[in-house]
């Protein structure tokens, strides 16, 4: 073969082949592929984000979000970062907290889930597991498996494991666990346990067993302390690298303690931390601060090793969200060490050896102990002053926690008000000694409340705690105003204690609101149903302007009547201080049909209820709209026809005439509007409700302004008391602002060809035909309409 003309004289074939154009292009392509492959290693399949940026995003996600990404996003099924987050805390405390014995044995979320987790652990992911929550039903073999297969486990949550068991099966003790897994506890840096000093909390685990014969369970009740002691005595000394100790189990409370209970609940709890925890302990985490607030303020110890205490007020707020009034709780400390026989297995026989004055300690613990929020804040400030070397931190933010106004003010008295009786004739006679100075009570003097005192929010220590909540916890509470929305308030409250006079209650609420604003805490009111439960009828929770009871006449002619509401909702004194107002209706409004009713047009009686609501809102805006001079946001989730009727209120239009206002329309979400509200989302899968449209069309609007200057509104007349007491007639709220365009209520064009509900004789298809063809009586037909 002749030589190629491309070869130059003196060059070899090997050298010339390297310079061929095809080889050069191939080498360049391979180089580019290497660059792309290297770049792909530095980028995530999720939105092609760089790995370091994607890692920052993953830091803000939890396990469930990571699992959703792993299942739905293409390219993330084998992502190392996603696997790290999924396995970092794979089995969490809420999943094992209240699981019962039959659920553990026969449900997918019990033992079966634990075995599947064990099978999923391989050499590629065992190093990702950092924290794990264990069930009450786990065995020592499970702890041994963790010790051998999870080398990087540094945090363990065993709050679900209680000291008592009711089972004939083999039951391990804390001493057995300590001897079986010393290496596991020796490398832990964080340990979460139940309160080892609360007998009641541990004995409640009895309800999680499946036996029906109570006597049978008593025969097999065993204690994990039977061969050594409590978890503090057996396990804590093994945790030589422990830095954080968390107490998650809630305190069972106290009403009457003797010296034995004071030692067990106070001394054993404090000594368990100070005597058995290693010197490396720096942080104490209390998930429910309220029950332990007095224990932290005792002078038993100075907590010298602790540098920070993390507290959580979320549990306190959640448990008391549905309670209107939080009154004082009486406590009693008595002498003696008597206790029940079943508590012997929970006792470490150290009460007789303790040389502390248990009566004095008990009185200190129950001092100012109450369910009220002001006592909680007062004790928080006292604890901070007693331990200046400890940094108190919040566990989580409390931005949108719903509270009642009575949670921050004292409105009750433990004693019945004393009414001064008419003076006898002898008392009206002049004294025998003319120089005697006698102070006689005045006839007709108003009732005297012995326990009435100044508003607790005015206390400097409580204000300091409120400021701490606002700065550290980002506390922006939402006050539920539904209980205040009654013309005869406070007679509508169902409480067993004596209320202060209405004027005193409103004055204290106004002082509380002014204090919050002075601390730069926004005042946010909510008119909505905040209960977590579903009643037999949704009428009370879905409507706000029902009739109220009033007594007419005196003596035998006294009668109880129902009067239409005047919308006297006790807002005149604080309306000018409100920053945000939220109004929300339940999705099953008016709530008289029941959750199982199919979608159809409303009946005549329901239309009447809606007309009553419209009149009520007209009176509400007539009375209060011009007083919301500091309002910055109005959130409305209301039926469309009610929101449109708001546009006929001249006062509300005047409030929003300022060009600084803007509106945000939120698209309707059928999944969020099902008849059960936001509490029972899982019910959709059972009843298939989300596939049905709501009978009522809703409007979700947020009217807001970004500036903070007060609004210049004209038209306010009279004082707050006069505005609250005046009667608004039907003529004053007659619809008279129609046909005028507004930025939030624009004029609508009505299609004349479209059939409307008002065109029907009875408001439903075929109803008139049904009346003609059926043989029912008039009473039966009316009942069918209802």
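Residue numbers (my numbering): 3 to 788.
Every residue, glycine too, gets a C-beta built ideally from N, C-alpha and C.
If you follow the beta strand (DSSP E) that residue 586 is part of, which residue opens it and which one closes it?
582-586
- Would you give the residue range spanned by the beta strand (DSSP E) that residue 528 belongs to? 526-529
Problem set entry | Secondary structure of residue 492, DSSP reduced to three states | coil
Q. Where residue 566 and residue 461 are concerned, what is the direct C-alpha to C-alpha distance, given to the nearest angstrom?
A. 40 Å
- request: Report the three-state DSSP secondary structure of residue 677 (helix, strand or coil).
  value: Reliability of the predicted coordinates at residue 677 is poor, the pLDDT of 34 falling under 50, and no value is obtained from them.
Q. Cα-Cα, which of 224, 139, 545 and 122 is closest to residue 166?
A. 224
So what does DSSP say about residue 197, is it helix, strand or coil? coil
* Asked: Given 8 Å as the limit, is there contact between the region 618-629 and the region 701-712, that is, 3 or more CB pairs closer than that?
  -> no
**Asked** How would you label residue 748, buried or exposed, when you count the other beta carbons within 10 angstroms and need 16 or more for buried?
**Response** exposed
**Message:** Just to confirm the assignment, what range does the beta strand (DSSP E) spanning residue 639 have?
**Reply:** 635-641
* Quick one: measure Cβ to Cβ for residue 98 and residue 162, integer angstroms, because I've assumed they're closer than 8 Å. => 5 Å
- Task: Could you tell me which residues DSSP puts in a beta bridge with residue 550?
- Result: 565
Between the region 304-316 and the region 257-267, do at least 3 Cβ pairs fall closer than 8 Å? no
Nearest-angstrom beta carbon gap, residue 123 and residue 134 [assumed within contact, 8 Å]
In fact, because the Cβ distance is near 11 Å, the residues do not count as touching under 8 Å.
With H, G and I counted as helix, E and B as strand and the rest as coil, what does DSSP make of residue 261? helix
Quiz item: When DSSP builds the beta bridges, which residues end up paired with residue 667?
Solution: 703
| query | Can you check whether the CB of residue 404 is closer than 8 Å to the CB of residue 515? | reply | no
- [ ] Give the range of the alpha helix (DSSP H) segment to which residue 184 is assigned.
- [x] 184-188
**CA-to-CA distance, residue 591 to residue 235, given in whole angstroms** = 57 Å
Do residue 551 and residue 558 have their CB atoms nearer than 8 Å?
no
Check your understanding: At which residues does the beta strand (DSSP E) containing residue 504 begin and terminate?
Key -> Per DSSP, residue 504 belongs to no beta strand (DSSP E); it is in the alpha helix (DSSP H), 504-520.
*asked:* For the pair the region 183-200 and the region 81-90, tell me if three or more CB-CB distances fall below 8 Å.
replied: no
- Return the CA-CA distance between residue 184 and residue 238, expressed in angstroms with no decimal places. 11 Å
| query | Can you tell me whether residue 744 is buried or exposed, with buried defined as 16 or more other CB within 10 angstroms of its CB? | reply | exposed
Residue 285: first and last residue of the uninterrupted beta strand (DSSP E) it sits in
285-288
Report the partner residues of residue 630 according to the DSSP bridge assignment. DSSP, once it has assigned bridges, lists no residue as partnering residue 630.
Within 10 angstroms of its Cβ, does residue 359 collect 16 or more other Cβ (buried), or is it exposed? exposed
So the beta strand (DSSP E) residue 337 belongs to, where does it begin and stop?
-> Counting along the chain, residue 337 falls outside any beta strand (DSSP E), and DSSP gives it neither H nor E.
- Task: Mind checking which residues open and close the beta strand (DSSP E) that includes residue 2?
- Result: Nothing in the structure corresponds to residue 2, since the chain is present only between 3 and 788.
Within a Cβ cutoff of 6 Å, which residues of the same chain sit near residue 177, ignoring the five residues on either side of it in sequence?
229, 230 and 236
Worksheet entry | Close-in-space but distant-in-sequence residues of the same chain around residue 337 (CB under 7 Å, 5 per side omitted) | 260, 261 and 361
| message | Looking at the secondary structure, which residues open and close the beta strand (DSSP E) in which residue 2 lies? | response | Here the chain covers residues 3 to 788 and nothing more, so residue 2 does not appear.
Practice item. For residue 2, collect the residues of the same chain with a Cβ closer than 7 Å to its Cβ; drop the 5 residues on either side in sequence, then sort them by chain order. Key: A query on residue 2 cannot be resolved here, the shown segment of the chain reaching from 3 to 788 and no further.
- Expressed to the nearest angstrom, what Euclidean distance is found between the alpha-carbon atoms of residue 472 and residue 287? 20 Å
- 7 Å Cβ shell around residue 432 - same chain, five flanking residues per side excluded: Any reading at residue 432 needs caution, since the residue's pLDDT is 37, under 50, leaving its predicted position unreliable; the model's value is listed next. Contacts found: none.
Outcome for residue 727 when other beta-carbon atoms lying within 10 angstroms are tallied against a minimum of 16: exposed
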